[in-house]
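*Asks:* I am attaching a structure below and will ask some questions about it afterwards.
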Amino acid sequence: MSEQSGQSEPSGPREPSGQSEAKGGRSAQLKHTGLRSGWTTGACATAATTAAYTALLTGDFPDPVTITLPKGQTPAFALAAEERTDTYAMAGIVKDAGDDPDVTHGALVRSTVRRLPPGAGVVFKAGPGVGTVTRPGLPLDVGEPAINPVPRQMMRDHVAQVAERAGTTPDVEITLSVDHGEEIARSTWNPRLGILGGLSVLGTTGIVVPYSCSAWIDSIRRGVDVARAAGRTHVAGCTGSTSEKTVVAEHGLPEDALLDMGDFAGAVLKYVRRHPVDRLTICGGFAKLSKLAAGHLDLHSARSQVDKGFLAELARAGGASDALASEVAGANTGLEALRLCEAAGVPLGDLVATTARDEALAVLRGAPVAVDVICIDRAGTVVGRSAASPH
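Heads up, the sequence shown is in this note's numbering, so the first residue is -11 and it goes up one at a time.
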């Protein structure tokens, strides 16, 4: 359910989009990084709901509107849209994701609030641009609007506070919508997870931390949950779209068994360790998976590098001469090291795949999961593979 896109190869965190700062809550400057934090869709929806419900009861929209986040922060949000009639009030806030490369940055999040009879409670509905859950395995029932539990609770809490101040009961219907949300959602995991019609309303703290990639990792976990709920016994962690195509060609896996793991091999392995499936295939570029073979669980180039000395030792173990091992150690890229070994008949691709499989098994710590690894080049050609480990 990530609000980040991850469909191209190679994968991993993107650079900021360069969009101008949106109106809304003022983002905080992160210490030591120089990057601005931002606000989740759930925080924006809570602020919009608070403003709309206040206007419905009092006739006036608070602008800016201040909310309290789960950890006690109290950001203020400027309204970008407002509308009130005798039966409903609507407020809209433009999401500011700070300096995070979030595809929902700049999206207009609207909340339309209507009164319900006493005792009805708070009812959530999906408006245009907000998705609906169509598959089991998510923390919401099938048929529910894709508004996650923490944002729901935030909105309930703020509605209760507004109702108490007005001396009434917190019985309302909240319809959330996101302008152009259905189009934006095509760049997220939502269609694969069975969330159709738009975006998810996400957030556990209300704050977006730039490059924390928490949304992406959460999407990996939800992908495993959905696959298990659908009865899939074989899933694949892929570094991007090219490796996904390779896995489909090799194993015929359906879309809901494919995990867009990007650079987060560790996130896949640790979650599958706690929520096992019978078989896990890991597929990605040779250079990325050489980093997994060397013991790295975060494969992003900013946090791990291809170790040509390590590749040289693998090549030597696979029969490479001292001269070839020296060439491998001095290669400019992992791909050059691979080609040197291929020309000499040394199966470096298979050695990397097998060693990466063994590293994955070490992270799984005996979980009942069979693992195999496939290495590809940029064209999608398989350049190395391991045997599947015993279940």
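Glycine included, each C-beta is placed from N, C-alpha and C at the ideal position. Note that the structure is predicted; figures quoted are calculated from it, not measured.
Rounded to whole angstroms, how far is the Cβ of residue 244 from the Cβ of residue 214, which I believe are closer than 8 Å?
*Replies:* That pair is a contact at about 6 Å.
*Asks:* Report all residues from its chain with a CB closer than 8 Å to the CB of residue 274; omit the five preceding and five following residues, and keep chain order.
*Replies:* These residues qualify, in order along the chain: 322, 323, 326, 337, 340, 363, 364, 365, 371 and 372.
*Asks:* Considering residue 269, what are the terminal residues of the beta strand (DSSP E) in which it resides?
*Replies:* First-last of the beta strand (DSSP E) with residue 269: 267 to 273.
*Asks:* Return the residue from the list 320, 334, 284 and 256 that minimises the CA-CA distance to residue 303.
*Replies:* Ranking the options by Cα distance to residue 303, first place goes to 334.
*Asks:* Would you say the segment 104 to 123 touches the segment 134 to 150, given that touching needs at least three Cβ pairs under 8 Å?
*Replies:* Output reads yes: the segment 134 to 150 touches the segment 104 to 123.
*Asks:* Along the alpha helix (DSSP H) that carries residue 262, what are the first and last residues, could you check?
*Replies:* Here the alpha helix (DSSP H) through residue 262 covers 253 to 262.
*Asks:* Terminal residues of the continuous alpha helix (DSSP H) containing residue 169?
*Replies:* Per DSSP, residue 169 belongs to the alpha helix (DSSP H) from 169 to 173.
*Asks:* Starting from residue 113 and walking both ways along the beta strand (DSSP E), at which residues does that stretch end?
*Replies:* Segment 110 to 114, the beta strand (DSSP E) holding residue 113.
*Asks:* Between which two residues does the beta strand (DSSP E) harbouring residue 243 extend?
*Replies:* Per DSSP, residue 243 belongs to no beta strand (DSSP E) and is neither H nor E.
*Asks:* Quick check on DSSP: helix, strand or coil for residue 297?
*Replies:* Helix, per DSSP.
*Asks:* In chain order, what residues of the same chain lie with their CB nearer than 8 Å to the CB of residue 113, ignoring the 5 residues before and after it?
*Replies:* So the list reads 133, 161, 162, 163 and 164, once near-sequence residues are dropped.
*Asks:* Please report the Cβ distance between residue 115 and residue 92, rounded to the nearest whole angstrom; I am assuming they are in contact, meaning their Cβ atoms lie under 8 Å.
*Replies:* Actually they are not in contact, since the Cβ atoms of residue 115 and residue 92 sit about 15 Å apart, beyond 8 Å.
*Asks:* Just grab the DSSP bridge partners of residue 195 for me.
*Replies:* Note: residue 195 sits in a beta bridge opposite 27.
*Asks:* Return the Cβ separation of residue 109 and residue 26 in integer angstroms, given the expectation that the two are a contact with Cβ distance under 8 Å.
*Replies:* That belief does not hold up - the Cβ atoms of residue 109 and residue 26 are roughly 31 Å apart, past 8 Å.
*Asks:* Are the Cβ atoms of residue 268 and residue 236 separated by less than 7 Å?
*Replies:* No, the Cβ-Cβ distance between residue 268 and residue 236 is not below 7 Å.
*Asks:* Does the beta-carbon of residue 232 have 16 or more other beta-carbons within 10 angstroms, so that it is buried, or is it exposed?
*Replies:* So residue 232 counts as buried.
*Asks:* Is the beta carbon of residue 95 closer than 7 Å to that of residue 189?
*Replies:* No, Cβ-Cβ distance for residue 189 and residue 95 is not below 7 Å.
*Asks:* Short check: CB of residue 38 to CB of residue 53, under 7 Å?
*Replies:* It is a contact, given that the beta carbons lie within the stated cut-off.
*Asks:* Under a three-way DSSP split, which group does residue 103 fall into?
*Replies:* Residue 103 falls in the strand class under three-state DSSP.
*Asks:* Flag this pair as yes or no: are the beta carbons of residue 246 and residue 348 separated by less than 7 Å?
*Replies:* No, Cβ-Cβ distance for residue 246 and residue 348 is not below 7 Å.
*Asks:* Only counting the same chain, and skipping five residues up and downstream in sequence, which positions put a Cβ closer than 6 Å to that of residue 128?
*Replies:* Excluding residues within five positions, the ones whose Cβ falls inside 6 Å are 121.
*Asks:* Using a C-beta cutoff of 7 Å, does residue 36 count as contacting chain D?
*Replies:* Absent here is chain D; the protein component of the structure consists of one chain.
*Asks:* With distances taken between CB atoms, is the gap from residue 358 to residue 375 smaller than 7 Å?
*Replies:* No; because the gap between Cβ atoms is not below 7 Å, this pair is not in contact.
*Asks:* Starting from residue 164, follow the beta strand (DSSP E) in both directions and report where the run begins and ends.
*Replies:* Its beta strand (DSSP E) spans residues 160 to 166.
*Asks:* Count the other C-beta atoms from every protein chain shown that fall within 10 angstroms of the C-beta of residue 111, then say buried if there are 16 or more, exposed otherwise.
*Replies:* Under this definition residue 111 is an exposed residue.
*Asks:* What residue range does the alpha helix (DSSP H) around residue 146 cover?
*Replies:* Taken as a continuous stretch (DSSP letters only), the alpha helix (DSSP H) holding residue 146 covers 137 to 154.
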